[in-house]
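Below is one structure; the comments refer to it alone.
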Amino acid sequence: MTVLLMEHDSDTSSDMRSAIHANRHFRVIAHGTDDATVLALARTLLTDVVIIDARLDGIDPLALCQELRTLSPPPAVVIVAAHLTGVEPAHHLAVKGSVHLLRGSEPSDVVNALRAIGVRRSNCDPDAL
17 MTVLLMEHDS
27 DTSSDMRSAI
37 HANRHFRVIA
47 HGTDDATVLA
57 LARTLLTDVV
67 IIDARLDGID
77 PLALCQELRT
87 LSPPPAVVIV
97 AAHLTGVEPA
107 HHLAVKGSVH
117 LLRGSEPSDV
127 VNALRAIGVR
137 RSNCDPDAL
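Okay, here's the thing in structure tokens:
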């Protein structure tokens, strides 16, 4: 599965990228640092998963998630945040589509979310979509 990573340049994002690449089923193919870039890349590259680092300044992770979910086909979304305002909208998004909300930023948590997304997609019946 292809992954688009919304990140800032730091050791944490490097650790996350390394953990993702350690699994042969996932590849980070692009990264962006702002909403507009991430939306443009997701629209162009048709990535399977977008990981949003909600700790970045100046972004609204829930609004970005809603925009991403309107793409065709919509990517799965993983939002990494220590805390998230608007819990009800976040819960609604999680129920509505392939959206994972992570309260921590451990690379292993992100990889586990990617695995869950992969299992869900491999078990989907394309005729039921």
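Just add 16 to wherever you are in the sequence shown, counting from 1, and you've got my numbering. Ideal Cβ positions, reconstructed from N, Cα and C, are used throughout, including at glycine.
- Leaving aside the five residues that flank V44 on each side, the residues in its chain whose CB is nearer than 6 Å to its CB run, in chain order, V19, L21, R33 and I36.
- With respect to the 8 Å criterion, L87 and A58 are classified as neighbours on the basis of their beta carbons.
- For M32, the three-state secondary structure derived from DSSP is helix.
- Excluding the 5 residues flanking it on each side, Q82 has no same chain C-beta neighbour closer than 6 Å.
- For the beta strand (DSSP E) assignment, the uninterrupted runs of no fewer than 3 residues enclosed by the stretch 57-92 are, from N- to C-terminal side, 65-69.
- Linking T60 to L80 through their CA atoms gives a straight-line distance of about 16 Å.
- DSSP places R43 inside the beta strand (DSSP E), whose first and last residues are R43 to G48.
- Residue state for H37 is assigned as helix, using DSSP reduced to three classes.
- Closest by C-alpha distance to D64, out of A97, D31 and V115, is V115.
- When only Cα atoms are considered, G134 and M17 end up about 8 Å apart.
- Scanning its chain for C-beta atoms nearer than 6 Å, with the 5 sequence neighbours on each side dropped, one finds around F42 the residues M17, V19, I36 and L130, in chain order.
- Counting along the chain, M22 sits inside the beta strand (DSSP E) bounded by residues T18 to M22.
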